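Residue numbers (the numbering used here): 339 to 565.
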């Protein structure tokens, strides 16, 4: 019933523009990257973007506001999690790992726009849905996570490819890319090439995080719309 209450609060506004929603809630559109999330939090009854309710904390629910194409109902990009610490990741056990907690229960809130750069007011709230990985999905995620951990433990190789950038090159790692996996992949998640971490052996490397694959989440969106 808690899930139903949360979805009801959001999906009662499904199909409305953000401009319509803020007018109904008698609030202004906040500034900054977290504007959309802040509006959703107020819609749910939160006072601000940092506030939490007991049920969310106890349930371990992660909220993901995801931009999708209004017409195709597909993502503009894969879904990221917080940046990892390579040394900590290398020593994690799956059952207690950061990623296992982050994917245990996700509330996806799609927000549609017909192109990437659309004024916030004109974006459309789409149908929200909860997702927890099935046993089969969890098995795949754990296998892919373990493969990344194995590579990190053995040492990530970094190749500097000549490119027309400020530094004159682009760093490419030996980590498998998105097309090589089914559900999750690991790639850079940093402000720029100077936002760095240290790998398992103390070598400098651009910060990375885990991402949910675009194609996989698109299937979840389609399943939700058709349910």
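Glycine residues also receive a C-beta, built at the ideal position from the N, C-alpha and C atoms.
From a predicted model like this one, the values you see are computed outputs, not experimental measurements.
**OP:** Return yes when the Cβ of residue 402 is within less than 8 Å of the Cβ of residue 538, no when it is not.
**Re:** Counting from one through the chain shown, the residue named residue 538 turns up at place 200. Counting from one through the chain shown, the residue named residue 402 turns up at place 64. No.
Original post:
Can the beta-carbon of residue 522 be found less than 8 Å from the beta-carbon of residue 550?
Top reply: Start at 1 with the first residue of the chain shown, and residue 522 comes out as number 184. Start at 1 with the first residue of the chain shown, and residue 550 comes out as number 212. The Cβ atoms of residue 522 and residue 550 sit closer than 8 Å to each other.
Original post:
So, are the CB atoms of residue 558 and residue 469 less than 8 Å apart?
Top reply: On the chain shown, position 220 is the one that residue 558 refers to. On the chain shown, position 131 is the one that residue 469 refers to. Going by C-beta atoms, residue 558 is nearer than 8 Å to residue 469.
**OP:** Give the DSSP bridge partners of residue 405, in chain order.
**Re:** Locating residue 405 in the chain shown gives position 67, counting from the first residue. 449, per the DSSP bridge assignment.
Original post:
Distance, Cα to Cα, residue 553 vs residue 410?
Top reply: On the chain shown, position 215 is the one that residue 553 refers to. On the chain shown, position 72 is the one that residue 410 refers to. Approximately 13 Å between the Cα atoms of the pair.
Original post:
Can at least three beta-carbon pairs, one atom from the region 494-511 and one from the region 452-468, be found at a separation below 8 Å?
Top reply: no
Subject >> Cβ-based neighbour list, residue 420, same chain, cut-off 7 Å, excluding 5 preceding and 5 following >> reply: Position 82 of the chain shown, counting from 1, holds the residue named residue 420. These residues qualify, in order along the chain: 547.
Subject >> Cα-Cα separation, residue 520 to residue 487 >> reply: As a first step, residue 520 must be located in the chain shown, where it is residue number 182. As a first step, residue 487 must be located in the chain shown, where it is residue number 149. If you draw a straight line from the Cα of residue 520 to the Cα of residue 487, it comes to about 16 Å.
Original post:
By a C-beta neighbour count over all protein chains shown, 10 Å radius and 16 as the cutoff for buried, is residue 450 buried or exposed?
Top reply: In the chain shown, residue 450 corresponds to position 112, counting from 1. That one is buried.
**OP:** Give the DSSP-derived three-state secondary structure of residue 381 in the structure shown.
**Re:** The residue given as residue 381 occupies position 43 in the chain shown. Helix at residue 381.
**OP:** Under the assumption that residue 351 contacts residue 463 (Cβ atoms under 8 Å), give the Cβ distance between them as a whole number of angstroms.
**Re:** Along the chain shown, read from residue 1 onward, the residue named residue 351 stands at position 13. Along the chain shown, read from residue 1 onward, the residue named residue 463 stands at position 125. Right, their Cβ atoms sit about 5 Å apart.
Subject >> DSSP-derived helix/strand/coil call for residue 373 >> reply: Start at 1 with the first residue of the chain shown, and residue 373 comes out as number 35. Helix, per DSSP.
**OP:** Starting from the C-beta of residue 442, find all residues in its chain whose C-beta is less than 7 Å away, skip the five residues before and the five after it, and write them out in chain order.
**Re:** In the chain shown, counting from the first residue as 1, residue 442 sits at position 104. Excluding positions up to five away in sequence, the list reads 398 and 470.
**OP:** Take residue 528 and list the residues in its own chain whose beta-carbon comes closer than 6 Å to its own, dropping the five residues that flank it on each side.
**Re:** Working through the chain shown from its first residue, we reach residue 528 at position 190. Only 544 and 545 meet the Cβ criterion.
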